Ligand code: NAP
């Protein structure tokens, strides 16, 4: 029997559990530990609330969670309730699937002014993550500036621009729906430090901006490279660029909200009297290596909200080797040290789709098979249970989560799949006795 502890119940965690089941059959016991009382990580609090089809993958994780040899151990913080060294002592393999939930800092003067938020915080706010439920972003004023040209920037722009009715069928939390419905920025600017050919936005997600009720995307035709150069692009990117070419033909005056793509533009400072009032932007030029360099030409964009969507970092855990430059655990193809592994974004950084984490999980399961003997005599979950009981840790089981989920479904507004609890206390209370 192999005992495996997975830290983090997001996609990487559940795909690893599924892979361990496939690899070891009934000769494995998997405990999935999460600091929240609710599972699914990025699926619950990262994927946009109006992208329910993507969130549907949680049903697959539920099937894994409900199998006999997999347990959810919620409301347990590794590093506080139990240490990594203790887990490594108890389990044959400990897999860190903690994702990359921390914002990469913008690193420019004024980035600490009220009104500057990272995408983890902003996305967490509208998705009901308990850490960010109290964020209260500024939703009206001279404008919103979004930094970055990836899919998260698109999520943020779309959520800022949508009407209340456009969230029908989504599970955006009530506090965000109410605030967004009551106010909106008329000028939303997406700052891309490079050009249309260097965006990290995928075509389906970019195309959505062209179908919003009260907002219209705008691209300056002068920023578009000659059309003939599109032929050399990878097909997905070529489709995205085709969307940008279409956006360049639209009339921004047609709808009250404009989502303007500002290419070759990087923020160099955020200014304001005690809060964000403007962003100083420097025009860039791309060098032969494809890097964006400042040209010295600057201009001002009035703004009350700045959302930086420039990528994420994995928070370090005491005692675990960490690569500060890359913002993730130091690892060799997932191996950190004997008995300790990293998977998903905690292993390779915040890239790829949800499904990219599946092969990651299978790779780690194969490594565990190679690295660990069949039966090493470790205590596994029995040892963890004793230790957590001794420390009076209030563990949330998958059955408890199902009660929390039932309460969220019961509280849903019309047309919405659920109304999420946004505090840990409310989640624990909903589980009952
Ligand atoms: P991303 O795809 O890596 O995009 C980050 C963007 O930020 C890039 O445009 C990058 O520009 C820019 N950037 C980085 N540092 C910057 C700086 N200091 N100043 C200005 N701009 C900077 O990251 P993401 O949008 O956070 O997405 C993370 C992953 O999740 C991606 O794989 C994404 O596709 C995925 N995702 C998918 C969906 C979906 O499928 N619906 C939704 C959300 C996220 P450079 O290219 O110049 O570095």
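Residue numbers (the numbering used here): 37 to 469.
Note that beta-carbon positions come from the ideal geometry of N, C-alpha and C, so glycine has one too.
Please read all numbers here as calculations on a predicted model, not as lab measurements.
Measuring straight from C-alpha to C-alpha, what distance separates residue 74 and residue 261? Mapped onto the chain shown, residue 74 falls at position 38. Mapped onto the chain shown, residue 261 falls at position 225. Those two C-alpha atoms are separated by around 46 angstroms.
Any contact between the segment 52-67 and the segment 423-443? By contact I mean 3 or more CB pairs, one from each, below 8 angstroms. Taking 8 angstroms as the limit for Cβ pairs, the verdict is that the segment 423-443 does not touch the segment 52-67.
Just to check my reading of the structure: residue 306 and residue 317 have Cβ atoms closer than 8 angstroms, yes? What is that Cβ distance to the nearest angstrom? If you number the chain shown from 1, residue 306 lands on position 270. If you number the chain shown from 1, residue 317 lands on position 281. That pair is no contact at about 10 angstroms.
Does DSSP put residue 186 in a helix, in a strand, or in coil? Along the chain shown, one-based indexing puts residue 186 at 150. Reduced to three states, the DSSP call for residue 186 is strand.
Exposure of residue 361, with buried meaning 16 or more beta-carbon neighbours within 10 Å: The residue you call residue 361 lines up with position 325 of the chain shown. Residue environment for residue 361: exposed (fewer than 16 other C-beta atoms within 10 angstroms of its C-beta).
Chain C contact for residue 278 (CB, 9 angstroms cutoff): Absent here is chain C; the protein component of the structure consists of one chain.
Pick out whichever of 467, 451, 456 and 438 has its Cα sitting closest to the Cα of residue 101. As a first step, residue 101 is located in the chain shown; it is residue number 65 there, counting from the start. Minimum Cα distance to residue 101 is reached at 438.
Need the endpoints of the alpha helix (DSSP H) that residue 172 sits in, please. Indexing the chain shown from 1 puts residue 172 at position 136. From DSSP, residue 172 is part of no alpha helix (DSSP H); its letter is neither H nor E.
Boundaries (first-last residue) of the alpha helix (DSSP H) holding residue 37: Start at 1 with the first residue of the chain shown, and residue 37 comes out as number 1. Here residue 37 belongs to no alpha helix (DSSP H), and DSSP marks it neither H nor E.
Pairing CB atoms from the segment 329-348 with CB atoms from the segment 109-125, are three or more of them under 8 angstroms? Verdict: no, contact absent.
Please name the residue, chosen from 298, 109 and 57, that lies closest to residue 76 on a Cα-to-Cα basis. Your numbering for residue 76 matches position 40 in the chain shown. Looking at the Cα atoms, 109 is the closest of the given residues.
Distance CB(residue 59)-CB(residue 103) smaller than 9 angstroms: As a first step, residue 59 is located in the chain shown; it is residue number 23 there, counting from the start. As a first step, residue 103 is located in the chain shown; it is residue number 67 there, counting from the start. Result no, Cβ atoms of residue 59 and residue 103 do not sit closer than 9 angstroms.
Mind checking whether residue 127 and residue 397 have CB atoms under 9 angstroms apart? One-based indexing of the chain shown puts residue 127 at position 91. One-based indexing of the chain shown puts residue 397 at position 361. Contact: no.
For residue 37, which residues from the same chain have a beta carbon less than 6 angstroms from its beta carbon, with the 5 sequence-adjacent residues on both sides left out? As a first step, residue 37 is located in the chain shown; it is residue number 1 there, counting from the start. 63 and 411, listed in sequence order.
Looking at residue 311 and residue 183, is the spacing between their C-beta atoms short of 9 angstroms? Counting from one through the chain shown, the residue named residue 183 turns up at place 147. Counting from one through the chain shown, the residue named residue 311 turns up at place 275. Contact: no.
Alpha carbon to alpha carbon, how far is residue 115 from residue 71? Position 79 of the chain shown, counting from 1, holds the residue named residue 115. Position 35 of the chain shown, counting from 1, holds the residue named residue 71. So the two alpha carbons sit approximately 10 angstroms from each other.
CB contact flag (residue 163, residue 81, <9 angstroms): Here residue 163 corresponds to residue number 127 of the chain shown, with the count starting at 1. Here residue 81 corresponds to residue number 45 of the chain shown, with the count starting at 1. Yes, the Cβ-Cβ distance between residue 163 and residue 81 is below 9 angstroms.
Measuring from the CB of residue 348, is there a heavy atom of the ligand NAP at a distance below 8 angstroms? Position 312 of the chain shown, counted from the first residue, corresponds to residue 348. Yes, the ligand NAP has a heavy atom inside 8 angstroms of this Cβ.
Per-residue burial, residue 441 [other beta carbons within 10 Å of its own, 16 or more giving buried]: One-based indexing of the chain shown puts residue 441 at position 405. That one is buried.
Name the two residues that bound the continuous beta strand (DSSP E) containing residue 51. To locate residue 51, count along the chain shown from 1; it is residue 15. Taken as a continuous stretch (DSSP letters only), residue 51 belongs to no beta strand (DSSP E), being part of the alpha helix (DSSP H) at 47-60.
Out of 165, 348, 105 and 226, point me to the one whose CA is closest to residue 387's CA. One-based indexing of the chain shown puts residue 387 at position 351. Considering only 165, 348, 105 and 226, the residue with the shortest C-alpha distance to residue 387 is 348.
Using a threshold of 9 angstroms, state whether the C-beta atoms of residue 393 and residue 137 are closer than that. The residue you call residue 393 lines up with position 357 of the chain shown. The residue you call residue 137 lines up with position 101 of the chain shown. For residue 393 and residue 137, no; Cβs fall outside 9 angstroms.
Start-end ranges of the alpha helix (DSSP H) lying completely within the segment 322-400, minimum 4 residues: 381-384
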